[in-house]
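In what follows, a single structure is set out as structure tokens and then discussed.
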Amino acid sequence: MSKKRKLSSEAYKGVRDFYPEDQALLRYFSTIQRGVVERFGYEEYHASILEPTELYREKTSEEIFNEQMYTFTDRGGREVTLRPEMTPTVARMIAKRRRELGFPLRLYSIPNVFRYERPQRGRLREHWQLNVDFFGSESLNADAEIIHVAHAIMSAFGATESDFTIQVSSRTFLNERAQKLNLSEDRLRALRTHLDQRDKMTLQQFNEGIEAFGILPDSLFPDFPPKDVAEVLQLLEEQGIKNAIFAPHIVRGFDYYSGVVFEIFDTNPDNNRALFGGGRFDNLLELFDDEHIPAVGFGMGDVTLRDFLETRGLLPPYLPTTQVYIAVPSLACIPQAQELCNFLRSQGVNVAIDFGEKKLADQIRTASKHAIPYLIVVGETEISSGSFVIRDLRSGEEHTYTRQQLPAFFLMA
Ligand code: HAM
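So for the sequence shown, this note's numbering puts the first residue at 1; every next one is plus one.
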């Protein structure tokens, strides 16, 4: 035996491996998400994971920039960051081509993003985040549409309105307050960071933190929705959305938000992390040039979505893409079995073949372990008779078909 220390098979801390069952779920998430956003007229874009670090220096969140970014120096001495979110990237892309891109412009993407967080329920170091953004409109109809899209995604996953709440607020109020109190931009930023971390502390700590800014906690949040929030809530109601509420404490951690902000929460307290977060970011594109391009959008992560669906039994059961497994009782049958596979493939059936290295019973066990729904044994008898038995590995039911009939069975199954 080799004395060399063996490598650990664990993934890097806080990231996940996606085995077929996990990857199938991720694919299910994106299929549902794409379906909904494309019905609202959003087009897909994509970009590299790598960005120059300076993209995040001025307008992201203090916590992300100082504590959570994966940053390194490349071989050419450039500072590079694994994107912690997609918003600066899409803003950069819009700024680069703003003359050719027509506005209003609706875009979406499903990137993986990286944040050095303490891994816990609902929080990992890599997650996949649907980003849906609307550029070039000041209208609150755009804010309402973005929230409507989020609501439609939840419905498409099978959620009902009692399963989640849409908590809406606005930066305008906090900004006005800060102006009245003569808070500098830096102090306001620090106050926002404190407010955004509300769920990480007790109410007393939260209130004391506000008082440290010389502000009475009660005076910070309005009792009634500010004008923009009230209008968005009204527009949502007109669309039949009843679970959107004014939630004054929602401020969002990013510096770039400028108006309406919102988060969507699971009503089950076990999942206390937001499922979606977003808002209006009218000034972010000014990082790149003087042109004013208003924008509003959201991000939705796969980790919290999975927790949400799991808690409610809304995750679909795993079904591999392979429809049928071909088992062979003897090696001599492999050429004919291969020929049958190719015939089925030519008819659009997904089929995998076993090369007969194990006993037939073990081959069947393999198919079951992979959750492949159907099995066909291709042996001497089947080859000479030209009729094949399809076994349903879930129910044990069997049906006999001629070779010509097989594809139709799978197309109907
Ligand atoms: P965010 O609130 O940081 O916003 O993230 C959006 C969503 O991504 C969260 O609600 C959560 O579902 C998920 N998420 C965030 N961090 C983690 C994590 N460490 N582990 C697992 N899931 C996570 C943004 O990123 C904004 N850029 C969204 C946006 C797009 N605003 C306008 N357009």
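Just so you know, even glycine gets a beta-carbon here, dropped at the ideal spot from N, CA and C.
According to DSSP, residue i sits in a beta bridge with which residue or residues?
i	result
T73	E79
T165	F265
I245	Q167
M412	DSSP, once it has assigned bridges, lists no residue as partnering M412.
M300	L130, F276
N112	W128
R106	F134
A47	In DSSP, A47 forms no bridge with anything.
V260	S170
A11	Answer by DSSP bridge pairing: none, since A11 is not bridged.
A295	F135
Measure from the alpha carbon of residue i to the alpha carbon of each residue in the options, then state which is nearest.
i	options	result
V232	D199, Q404, E138, L203	E138
E126	E117, V132, P335, D133	E117
V261	T81, Q129, L140	L140
Y19	P217, N175, P320, F276	P320
R57	D255, A142, E21, F343	D255
S395	A327, D186, S368	S368
A91	K59, R306, Q68	K59
E238	H148, N207, F72	H148
R106	G41, E208, E62, P84	G41
N66	R115, I110, E44, L314	R115
S61	Y257, E291, L305	Y257
N283	T73, G259, S219, R121	G259
V303	A156, L375, L130	L130
D199	V37, L220, G253, Y325	G253
L195	C341, I215, K13	I215
L375	N268, S385, F29, L393	L393
L101	F221, R39, A413, Y45	Y45
F164	T311, L331, L344, Q405	T311
F479	E85, M86, I64, E51	Nothing about residue 479 can be reported from this structure: the residues present for the chain run from 1 to 413 only.
L315	M154, R39, D270	M154
Q404	K6, L344, S219, E161	L344
I166	A274, G76, F206, I32	A274
Can you round the beta-carbon distance between residue i and residue j to whole angstroms, since I take them to be within the 8 Å contact cut?
i	j	result
T53	T89	That pair is no contact at about 13 Å.
E382	I390	Rounded, the Cβ-Cβ distance is 11 Å, inconsistent with contact.
V168	V251	V168 to V251, Cβ: 12 Å. No contact.
F298	V132	6 Å
I94	I293	6 Å
D354	A371	Rounded, the Cβ-Cβ distance is 15 Å, inconsistent with contact.
E286	R98	Actually they are not in contact, since the Cβ atoms of E286 and R98 sit about 12 Å apart, beyond 8 Å.
L124	V15	7 Å
A152	V36	5 Å
Return helix, strand or coil for residue i, following the three-state DSSP convention.
i	result
R121	coil
L203	helix
E54	helix
R192	helix
S219	helix
F288	coil
G41	coil
E100	coil
I210	helix
V36	helix
L25	helix
A178	helix
I326	strand
I64	helix
T172	helix
L406	helix
E357	coil
E397	coil
I383	helix
R16	coil
R198	helix
T160	coil
R306	helix
D282	coil
With residue i as the anchor, note down where its alpha helix (DSSP H) starts and where it stops.
i	result
R92	87-96
L233	227-238
R365	360-369
Q336	334-346
L140	140-156
Are any of the Cβ atoms in chain B nearer than 8 Å to that of residue i?
i	result
I147	Reference to chain B is not applicable here, since this structure consists of a single protein chain.
Residue i lies in the beta strand (DSSP E); which residues open and close that run?
i	result
R391	387-392
A352	351-353
V377	374-377
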